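K.L.:
My questions all concern the structure below.
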Amino acid sequence: MVWTKRRTLDFTKGQMSSFRPTEFRPRFPYALEATVHQRSTLGIRKLPLLAGVLALAAVGVSGCGGSSGSSTPAAAKRSSTLSVWYMDGDLSSQDQAAIGAAFTAATGAKVNVQIQEWANINTKLSTALAQNDPPDVVEIGNTDVPLFAATGALADLTPEKPALEQGQSWLPGLSGPATVSGHLYAAPLFAGDRAVIYNKKLWAKAGITSVPTSYAELTADLDKIKTANPSPDFSAFYFPGQYWYGALQFVWDAGGQLATESGSTWSGALASPAAQQGLATWKTFQNTYSTAASRNVDTKSPDQAALFAQGKAATILDTSLNTVLKDNPALKGEIGTFPFPGRAAGTSQPVFLGGSDLAIAAKSPNQALAEQYLKAATSIAVQTADIVGVDGWTPVSTQLITRTSSTLSETSKAFAQAASRSVATPATPGWATIESDASINQFFAAIATGTQSPQQAAQSFDSHLDQALNATP
Amino acid sequence: MTQTAPDRAPAALDEPRAAARRPRRRRLRDRATPYVLLAPATVVLGLVLGYPLVRLLVISMQDYGLRALFTGVTPWTGFSNYAQIFTGGQFGGVLLRTLLFCAALVGGTLLIGLLVALMLGAAGKRMRTAVTICLICAWAVPTTAATLVWQWLFEPGYGVINWMLTKLTVFGDLTQHDWFASSFSAFAVIWLLVVWQSVPFVALTLRAGLSQIPSSYYETAAISGAGAWTSFRIVTLQFLRPILLLVTILSVVWDFNVFNQIWILTQGGPDGGTTTLGIWSFTRAFSSESFGQGAAIAVVSVAMLLVLTAYYVRRLVRAGEQW
């Protein structure tokens, strides 16, 4: 959800150096900045219940405020300035300016851009979209879109779809979550994904001369690296147990699914034989090539990019080289990338596609202008020249990926290649629950630590999925 | 109210005579005075505690989610939120876990706090000052900061605790051990953290109580042939009873609601193994965006705390009167 793409998409070319990919960024998470925020919300020492009461009351009050003021006709406030919310660290200001320029050229209207912080963004979006004077266009993390689309917060874009698509085939990882019951509620903005990042020196030292192209080759290479580095705190492939974005690739590669939809009912599918096979493969892989200390942790504490930068890990699966190079600039030129090889020869594992969509607030009085803005952002020119050309994100369609692949740097190619086989999380508002309550982290950690067998863990997690994914928001 | 209660019986008996002696208006004013004096506090409490509690009750009876937030429509669902909590199959386990953990925390805090307080009394002046300063420092660390330090101390692979235990060479190589992988050891780590933070308040409060016990009582006990244990039992504990009751109630309320420490360290994991009522309420309300159910759990928690503490509050009030 929200924080996914913050780390998912961080494979840019430098201008986002301030932004670190963190594995786990729930609303009140491990990360320092967010916990500080938590103090301010729930800071009454040892009386969180009281604080919770107040917080709930605040939610209630804001909800009431929204409804009581609804007598003013929203359309009366029509203006020729469009307000747009972007997320901190996603699009560079150059990109935002380029989209704005294209929009102004087409409509003559102005744009007022506001940058939002990731911490607590869902609550912030909920509050803003519930008001009668909401931001017109908002950037929303792709897995969060269903939460807002299904609750009536976003405008239905289905009639504009052909004009927005412009003949492209959007990446299902971006458009899937934006489609609820056949209706489109947001347009893709950009994407990002994961590829294998390896330390060329450590690999060469173990006697490996070429990049593995199959899963068997990969494990054979990792075996060599493991033999060459027997220290217990060294990882041939550092893979934290709670790293569910990575672990899911094994499930998908084995033909498994997180959940399946029949009619309008979702059911957890991790107990299925295919998913079980993927989970078993992942468990063996994790337990064999990553340290024992990594079985119950996320990518943030300890920071996997830092471990890689220190040479404690020969290989990681990540979204970007940026943090590694920031931690240890000496590694520049010493790092290689390749898509994680799949089971079948010549394939790569399907990746979790993170990214953001642009949506229009249902209560915005400037619907027509906002649609023009979305057209500008999804246009082939902006996607090619700015989203890829300036920022180095993955563009929104398969055609654009092919078209821009020749201009990419050597290390960026693997990410683009991997993105061509992507899977989305279930397009249902309940998915946000799975990420926020960290149950998916705990599911994979339980398997990695062996406290539960993949079968046991999957059965209880499937029932949680059944309940959460079908909940009406 | 509690103060007037014992006075009321004689006053009622005296009623006819008092009425004859005093003018009616003055009697009325005497009666109204306490209420007038209490009014400002009542209004403030009503606003900052009463209103949120009422809102909480109302939300707990509504289908209050994001849709309600965006549309302003909040369907009244009566007790269905409560029914879902009690029939969801999670409630029993969460409640038991919360109560056991709370009992362990309160017991540990009081015992260690009392020992520290006694030790402070026995220690020399310099030592006493040093320990007091340490206690206040531990007390002054914000919960979140302390929890983050704890997270680092117990981190698998890099934590100082694992490194130290390994250096002892008694337990073998523990550097890769993960304390948060099982719910028991996760609770143990959180217990240490919470007790470490709660002991200073308990110890200093009890120390204040101890210093008020006249030494002549101990002398009398000694002359009568009481040993250390007996004199502790009949003098120290008797004198400390009201203060012990007070810190027990406060500890129960605080420890029942421990949230930050658990949420930051385990988020209720592994596999729900450290999910207490507070965590559960929070995840229902803010992870599942079901504010109604979260509110219902909070209401149930408040009700249970009231029951848990009612007995002690009564005892405390009575003990205060006796003293």
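As you go down the protein sequences, you meet chains A and B in turn.
Just so you know, this note's numbering puts 465 at position 458 of the first sequence, and the rest follows in order with no gaps.
Just so you know, this note's numbering puts 191 at position 200 of the second sequence, and the rest follows in order with no gaps.
All C-beta atoms, glycine included, are put in the ideal place defined by N, C-alpha and C.
These numbers were taken from a predicted model, which means no experiment stands behind them.
(1) Residue range of the beta strand (DSSP E) that V144(A) falls in?
(2) Helix or strand or just coil, what does DSSP make of S242(A)?
(3) Using a cut-off of 8 Å between C-beta atoms, extract the partners of A172(B) located in chain A.
(4) Run through chain B and tell me which residues come within less than 7 Å of Q449(A), C-beta to C-beta.
(5) With a 10 Å radius around its C-beta and 16 neighbouring C-beta atoms as the bar for buried, classify R16(B) as buried or exposed.
(6) Three or more beta-carbon pairs under 8 Å between the segment 364 to 381 of chain A and the segment 135 to 146 of chain A, yes or no?
(7) Taking 8 Å as the threshold, find out whether the segment 288 to 304 of chain A comes into contact with the segment 379 to 395 of chain A through three or more Cβ pairs.
(8) In this structure, how does DSSP classify A108(A) when only helix, strand and coil are distinguished?
(9) Over what stretch of residues does the alpha helix (DSSP H) that includes A202(A) continue unbroken?
(10) Can the beta-carbon of T157(B) be found closer than 8 Å to that of L256(B)?
(11) Do we get a CB-CB distance below 8 Å when we pair S133(A) with the residues of chain B?
(12) Is it true that the CB of F315(A) sits closer than 8 Å to the CB of V304(A)?
(13) Compute the beta-carbon to beta-carbon distance between A243(A) and L229(A), rounded to the nearest angstrom, for a pair I have assumed lies under 8 Å.
(14) How would you label Y302(B), buried or exposed, when you count the other beta carbons within 10 angstroms and need 16 or more for buried?
(15) For R27(A), I'd like the list of residues in its chain whose CB is within less than 7 Å of its CB, leaving aside the five on either flank, ordered along the chain.
(16) Classify N119(A): buried if its beta carbon has 16 or more other beta carbons within 10 angstroms, exposed otherwise.
(17) Is there at least one Cβ from chain A nearer than 8 Å to F70(B)'s Cβ?
(18) Determine, using beta carbons only, whether P309(A) comes closer than 8 Å to chain B.
(19) Return the bridge partner residues of I323(A) from the DSSP annotation.
(20) Taking Cβ positions only, does A211(A) come closer than 8 Å to chain B?
(21) In this structure, how does DSSP classify H190(A) when only helix, strand and coil are distinguished?
(22) Does the beta carbon of G159(A) come closer than 8 Å to any beta carbon on chain B?
(23) At 4 residues or longer, what runs of the alpha helix (DSSP H) sit wholly inside the segment 148 to 177 of chain B?
(24) Between L225(A) and the ligand FMN, is there a pair consisting of the residue's CB and a ligand heavy atom that are separated by less than 7 Å?
(25) Would you call the segment 98 to 107 of chain B and the segment 188 to 201 of chain B in contact, with 3 or more CB pairs under 8 Å?
(26) Got a sec: is the Cβ-Cβ distance from P147(B) to anything in chain A below 8 Å?
(27) Give me the chain A residues within the contact set of S278(B), using Cβ-Cβ distance strictly less than 7 Å, ordered along the chain.
(28) Report, in whole angstroms, the separation of the C-beta atoms of K231(A) and I215(A), which I expect to be a contact under 8 Å.
(29) Taking C-alpha atoms, which residue in T456(A), W400(A), W289(A), T150(A) lies nearest to L476(A)?
(30) When you compare each of S99(A), A112(A), A313(A), A156(A) to Q121(A) by their alpha carbons, which one comes out closest?
(31) Let me see if you follow: with CB-CB separation under 8 Å, is T78(B) close to chain A or not?
(32) If we ignore side chains and look at the alpha-carbon of each, how far apart do V187(A) and K131(A) end up?
(33) Would the segment 426 to 440 of chain A count as touching the segment 176 to 186 of chain A if we require 3 or more Cβ pairs under 8 Å?
(34) Can you give me, in chain order, the residues of the segment 218 to 244 of chain A that have a beta carbon less than 8 Å from any beta carbon in chain B?
(35) Which same chain residues end up closer than 8 Å to F468(A) when comparing Cβ atoms and leaving out the 5 residues on each side of it in sequence?
(36) What do you reckon, are the CB atoms on L89(A) and A452(A) nearer than 8 Å?
P.N.:
Let's see:
(1) Note, V144(A): beta strand (DSSP E), 144 to 148.
(2) Residue state, collapsed to three classes: strand.
(3) At a C-beta separation below 8 Å, A172(B) has these neighbours in chain A: R302, N303, A452, T456, T458.
(4) Going along chain B in sequence order, the residues near Q449(A) (Cβ under 7 Å) are G260, P261, D262.
(5) Label assigned to R16(B): exposed.
(6) Touching, yes, given that three or more Cβ pairs across the two stretches are closer than 8 Å.
(7) Taking a contact to require three or more Cβ pairs closer than 8 Å, the segment 288 to 304 of chain A and the segment 379 to 395 of chain A do not qualify as touching.
(8) Helix, per DSSP.
(9) Run containing A202(A): none in the alpha helix (DSSP H); it sits in the beta strand (DSSP E), 202 to 206.
(10) Contact: no.
(11) Answer yes: the Cβ-Cβ gap between S133(A) and chain B drops below 8 Å somewhere.
(12) Not in contact: V304(A) and F315(A) (Cβ atoms no closer than 8 Å).
(13) In this structure A243(A) is in contact with L229(A), their Cβ atoms being roughly 4 Å apart against a cut-off of 8 Å.
(14) Within a 10 Å sphere around the beta-carbon of Y302(B) sit fewer than 16 other beta-carbons, which makes this residue exposed.
(15) The predicted position of R27(A) is uncertain, since its pLDDT is 33 and thus under 50; no value can be drawn from it.
(16) Label assigned to N119(A): exposed.
(17) Not one chain A Cβ lies under 8 Å of F70(B).
(18) Closer than 8 Å to some Cβ of chain B, the Cβ of P309(A) qualifies, so yes.
(19) Partner(s): I204(A), Y245(A).
(20) Interface with chain B (8 Å Cβ-Cβ cutoff): A211(A) is excluded.
(21) H190(A) falls in the strand class under three-state DSSP.
(22) Using a CB distance cut-off of 8 Å, G159(A) counts as an interface residue toward chain B.
(23) The qualifying runs are 151 to 158.
(24) In the structure on display, the ligand FMN does not appear, and there are no ligands present to speak of.
(25) Verdict: yes, contact present.
(26) Judged by the 8 Å Cβ criterion, P147(B) is in contact with chain A.
(27) Taking the beta carbon of S278(B) as reference, the chain A residues within 7 Å of it are T440, S443, D444, listed in sequence order.
(28) Contact between K231(A) and I215(A) is confirmed by a C-beta separation of about 6 Å, below the 8 Å threshold.
(29) Ranking T456(A), W400(A), W289(A), T150(A) by Cα distance to L476(A) puts T150(A) first.
(30) Nearest to Q121(A) by alpha-carbon distance, out of S99(A), A112(A), A313(A), A156(A), is S99(A).
(31) Proximity of T78(B) to chain A, defined by a Cβ-Cβ separation below 8 Å, is not satisfied.
(32) Approximately 22 Å, taken between the alpha carbons.
(33) Yes, they touch.
(34) Taking a C-beta cut-off of 8 Å against chain B, the contacting residues of the segment 218 to 244 of chain A are P239, D240, listed in chain order.
(35) So the list reads G275, L277, S446, I447, F450, once near-sequence residues are dropped.
(36) No, they are not a contact pair.
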